[in-house]
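Written below as structure tokens is the structure these notes are about.
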Amino acid sequence: MADRGVPATENAARRALVDACLQMNELGINQGKAGNASLRWDRGGAPGLLITPSALAYDAMGSDDIVWLSMATAPGEDGEPAPLHADGARPPSSEWRMHRDVYAARAEVAAVVHSHAAFASTLACTERVQRDGIPAFHYMIALFGGTDVRCARYATFGTQALSDHALHALQARLACLLANHGLLAVGDSLERALALALELETLSRMYWQALQLGEPVVLDAQEMQRVIARFADYG
Ligand code: 13P
0 MADRGVPATE
10 NAARRALVDA
20 CLQMNELGIN
30 QGKAGNASLR
40 WDRGGAPGLL
50 ITPSALAYDA
60 MGSDDIVWLS
70 MATAPGEDGE
80 PAPLHADGAR
90 PPSSEWRMHR
100 DVYAARAEVA
110 AVVHSHAAFA
120 STLACTERVQ
130 RDGIPAFHYM
140 IALFGGTDVR
150 CARYATFGTQ
160 ALSDHALHAL
170 QARLACLLAN
180 HGLLAVGDSL
190 ERALALALEL
200 ETLSRMYWQA
210 LQLGEPVVLD
220 AQEMQRVIAR
230 FADYG
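Heads up: the sequence shown runs through residues 0 to 234, numbered per numbering that gives the first Met the number 0.
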């Protein structure tokens, strides 16, 4: 996955989102209408984001179906925040709050992807992982910024509560699991966010496999700090 950085035009950004979603399917980390993706995208000085539409299968999605939303919100009809401006023929992903809130809280994030990857979602359905997250059973856990990958508490999809829980679990991390749901990965580009989602699914499969054989050995905090320091100047 080559890192193409920030797209030059809004059309290129829309295309990049469609491509990233198709890639999620090809990589086997999502299927059907599940999942969503977004890119931070300001319009004429107004902070905002481009996001996939709700309930549209990726193979039926074109760049015109991508929705632009303002970062600014106001109380909506249901009492939850709603975007001040939404520009698109289709409704935005039901998870737009989760995407928007990540951009609002984390200036370094340029892209967010959410998928129902099978192994990550499986782990996120267990009491153990909901409580402890995925520990440092493998040194690659450091890729996500710390000594574990946390699991956000369960809340109904598309709610402000789910967004709040996800933001909490993402603190100082580039990915988290969502209880009884899936995964969320963020990055400074769409390619980075997608690569991290794939890495998290791979590690989830390994952790699940290790759990079948016994109690996985967890690397201690000191070793993980060494790995994190090494990652700082690795590739
Ligand atoms: P959307 O189609 O509304 O993006 O919802 C899919 C999903 O995965 C909800 O969590």
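Every residue gets a Cβ at the ideal spot worked out from N, C-alpha and C, and that includes glycine.
Nonlocal neighbours in the same chain, by C-beta distance under 7 Å from residue i, ignoring five residues either side
i	result
M0	For M0, the predicted model reports a pLDDT of 42, less than 50, meaning its position is unreliable; a value from the coordinates is still stated below. Excluding positions up to five away in sequence, the list reads E190, L193 and A194.
S162	R96, M97 and D100
D41	G47
A85	V66, L68 and P91
Element boundaries [alpha helix (DSSP H), containing residue i]
i	result
C20	E9 to E25
R317	Given that the chain is displayed from residue 0 to residue 234, the structure contains no residue 317 and the question cannot be resolved.
S120	A117 to L122
Own chain, CB closer than 6 Å to residue i, minus 5 neighbours either side, in chain order
i	result
F143	R172, L173 and A174
A135	T146, V217, L218 and M223
G75	A81
G87	V66
Nearest residue (CA-CA) to residue i, options the options
i	options	result
W95	L210, H164 and P52	P52
A196	Q22, R42 and E9	Q22
A11	A33, G27, G61 and A220	G61
V148	R127, I50 and A154	R127
G322	L202, D64 and G27	For the chain, the structure presents residues 0 to 234; residue 322 sits outside this window and is missing.
A36	M139, S188 and A71	S188
C150	G157, A165 and M139	A165
I227	A88, Y138 and L212	Y138
T158	D18, G87 and A81	A81
Cβ distance (whole Å) where residue i is taken to contact residue j below 8 Å
i	j	result
A56	G31	6 Å
A109	R39	5 Å
L176	A123	4 Å
A119	L26	With a Cβ gap of about 13 Å, A119 and L26 do not count as contacting.
I28	S114	5 Å
Proximity test, residue i beta-carbon vs ligand 1 heavy atom, cut-off 8 Å
i	result
E79	no
L55	yes
S92	yes
G157	yes
P52	yes
A33	yes
H115	yes
G181	yes
Sequence-distant residues of its chain with Cβ nearer than 8 Å to residue i (five each side left out)
i	result
A160	A154
Start-to-end residues for the beta strand (DSSP E) that takes in residue i
i	result
H164	Looking at the DSSP string, H164 is not in any beta strand (DSSP E); the run it does join, the alpha helix (DSSP H), is Q159 to A168.
R39	N35 to R39
V111	A110 to S114
I50	G47 to I50
A81	P80 to P82
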